Every structure is written in C-alpha cells, then in structure tokens.
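Using numbering that gives the first Met the number 0, you'd call the opening residue of the sequence shown number 0 and step up by one each time.
For every residue, glycine included, the Cβ atom is placed at its ideal position computed from N, Cα and C.
Remember, it's a predicted structure, so these values are computed and weren't measured experimentally.
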Amino acid sequence: MGLPKIDRTLAIYLAKRIVLLVVAYFIAITIVFLLPRIIPGNPLATKMQQIISMYIYRPEMVGQVYRELINIFQFDKPWYIQYINFLSRAFRGDLGISTEMYPRKVTDVIAMSLPWTLALVVPATMAAWFTGNIIGAYAGYKRGGLFEKFVVGYSFIVSRIPYFWLAILLLFAFAFRLRWFPTGGIHSPYVTPSLSAEFIIDYLWHYALPFLSIYIVDVAGWMGSMRILVSSELASDYLLYAETIGVKDRTLFRYAYRNSLLPQVTGLALQLGFSIVGVFIVEVVFNYPGMGYMLSRAIGGLDYPLIQGIFLITVATIFLANFLVDFVYVLIDPRVRIGGRG
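So, in structure tokens, the structure goes:
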C-alpha cells in the first residue's frame, strides 16, 4: 500500500524544499569561503606581530614558527584545495582553528559567544512578539480611535529603523549624555561573573540598552502587522454575524485575536533567524561579546576560519527558520502542499 494522497503530497513538497535548502546552503558556504579571501591582506599578520614580540631575542625562530602556521592553516595551498579541505572538515563539524585566537578552535569560540547572542536576541524578540501582538490587536479592534492612529504612526516609522542606528542613539543619550547606563560590556570590571544577585543586577544594567535596541524596533513591526490582521478579521462574515446577535466585545476580540495570531506565529521563526543577523552590529556598538562582536574581530584580523564558522552557523540558522515556517504552513494550509506538487 502506498502513502495516502495527502501524506504523499506533503512528503514530496517537503523533499523539494529540503533539496532547495541544501543547494542554497551549498552556494552560501561557497560564497562564505570566497568572500574573506577577496579582502586584501595577510591572515597571519596579527599573529605574526605577536610571534615577533615573543621571539624578539630569538629572531631565527620567527621564520620557523611562521612556516608551521602556514602548514597548519594551509594558506600556501591553491584556493580550490583549501576549499575542498574546508568542505570536508565542515561536514564533519570541524570548523578549523582561529588565526586570531590561535590555538583555540573556531567551534570553541562560537560556543563561547553564541549563548550571549541568544540571550540577547531570544528574550528581546519574544517580548516584542507578545506585547506587539496584544497592542496591535487592541488597536485593530478599536478602529478609528486616537490609539490606533498612534500605533499606525509608531509602527510605520520605528519598524524601519535599523537596530544599530537605534543602538547608537540610545548609547549617546543614556550612556554618554545622561550616564544612566554603562557604555558597553556585559559586566563591570569589579564584578565577578557568578549567580550572585550582584552580578545579575550588574549584567541586567549592561543588558538594558542592547535589549531595547532590538525590542523597540521589533515591537513596532509586530504591532503594525497585527493591527492589519485584526482589522481584516473583523470584516469576516462570522464576526459580523456574531456582532449583530449581540456577542460581547470581549468575546469578539478574543476570536479576532486568536484567528489573526497564526501568521504571527509562523513569522516568529523567521524573525528569530533574521534578528540574529541584525543584532551583530548592535553587539559591536555595545562591545557585547556575542557572535557579532567576534565576527568584527575576525574581519579586522582576517581570521578566515572564524569568519567562515560564524557565517556557517548564521546561514544555517536562517535556513532552518525558513524550513520550520514552510513546515508549519504546509501542515496548516493544505493548499500550499497541493500547489507545491508542480
């Protein structure tokens, strides 16, 4: 017996999406490999400065150490040999060794910085999603009022502001001018990282401005989209009928909110993926030790392995978010998979 028609159609649709994602990811990692090598400069220049200072009284060792590093990183090989080695290692989960932080592995650097990025992006995005949907739904339900006009203006203007631009404004206003918050970092020099109340309070003090840089922009986007969805839902026949028979406002709002929430749920996965990329420059602005901060260091030092590793993880995150959105849509709306049969 074959698969049921719907299940077979679903499997075919998802198989096509997976093939497309694999091809796109292969193209992406190829671009990631080539782009850093277009930047002029010596990827071992920073490391060689450190080596020269270490062996200042033994200059004969400098050349030997340099040749060993060239052999380790294989920069003397043709680019296509480096590319093949890069692919073979990447598919085994080996992203190489960082030239900037030698002898640390790229995976160790990413494992150290990724939690900080997630600790910034996930709470800010989720908080913006919850509050933005509630405020936008209320504005869409109370159509024509002053509150809706405020939400429309706020979402239209603020949602178009880049994270890093707002980060610079917040840093200038609240750190440099008013001095209410620190200018960067994740904790004060005199505070030791621990689970103590002192460290948590100090961390949240440093965390506030980076968090707001993402939250303020994201909440505007969710408010605007939810307002439109609820306004459209209120024009549905079932809600118009419910209103004519005297259903309470609270019940009408609850139905309109629930039925408008589905596109926002599927959009959340995409937003989480793209927010990780958008927050990179915010981390640089605030010297926040996440993936973006490490990427800026890697680019400054032409650290090919670290640049490649960070982009590989980032691209994989975005592609995974896209696939999850496709998967949710195809389960919810059969028209997507039926249309995807070709």
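Which of helix, strand or coil does DSSP assign to residue i?
i	result
K104	strand
A172	helix
K141	coil
H186	coil
T250	helix
P288	coil
L2	Its pLDDT being 47, under 50, L2 is placed unreliably in this model, and the coordinates cannot settle the point.
G223	helix
D302	coil
P192	coil
F129	helix
L344	An answer regarding residue 344 cannot be provided, because it is not within the stretch 0 to 341 covered by the chain.
I160	coil
P77	coil
R88	helix
R178	coil
A10	helix
A268	helix
S295	helix
May I ask you to list the residues that DSSP assigns as paired with residue i?
i	result
I17	DSSP, once it has assigned bridges, lists no residue as partnering I17.
I96	K104
Please list, in chain order, all residues of the same chain as residue i whose beta carbon is under 6 Å from its beta carbon, the five residues on each side excluded.
i	result
Y82	F32
G183	F285, N286
V105	L94, G95, S97, P304, L305, G308
F210	A123
R257	none
Y194	The amino acid at residue 194 is misidentified as Tyr; the sequence shows Leu. Around L194: no qualifying Cβ.
Can you list, in chain order, the residues of its chain whose CB lies under 8 Å from that of residue i, leaving out five sequence neighbours each side?
i	result
R88	L94, G95
F146	Y137, A138
Is the beta carbon of residue i less than 8 Å from the beta carbon of residue j?
i	j	result
L261	L208	no
M290	S112	yes
V218	G139	no
V157	S274	no
F180	W204	yes
P304	T124	no
I185	Y202	yes
M222	Y153	yes
I160	V216	yes
A241	L251	yes
G245	G131	no
T116	V278	yes
Distance, Cα to Cα, residue i vs residue j?
i	j	result
G143	E282	40 Å
G299	D107	19 Å
N41	F90	27 Å
Q24	D248	According to the sequence displayed, residue 24 carries Tyr and not Gln. Those two C-alpha atoms are separated by around 48 Å.
F322	L19	10 Å
T8	A14	10 Å
A268	N84	33 Å
V150	T313	32 Å
F74	L34	15 Å
D325	Q270	14 Å
F354	I17	Outside the shown range of the chain (0 to 341) lies residue 354, about which nothing can therefore be said.
L86	I28	9 Å
L168	A174	10 Å
M60	E197	47 Å
P39	D302	12 Å
I227	P192	45 Å
Y237	S231	12 Å
I200	A118	15 Å
N70	I109	24 Å
Among the residues of its own chain, which have a CB less than 7 Å from the CB of residue i, if the five just before and after it don't count?
i	result
S295	V283
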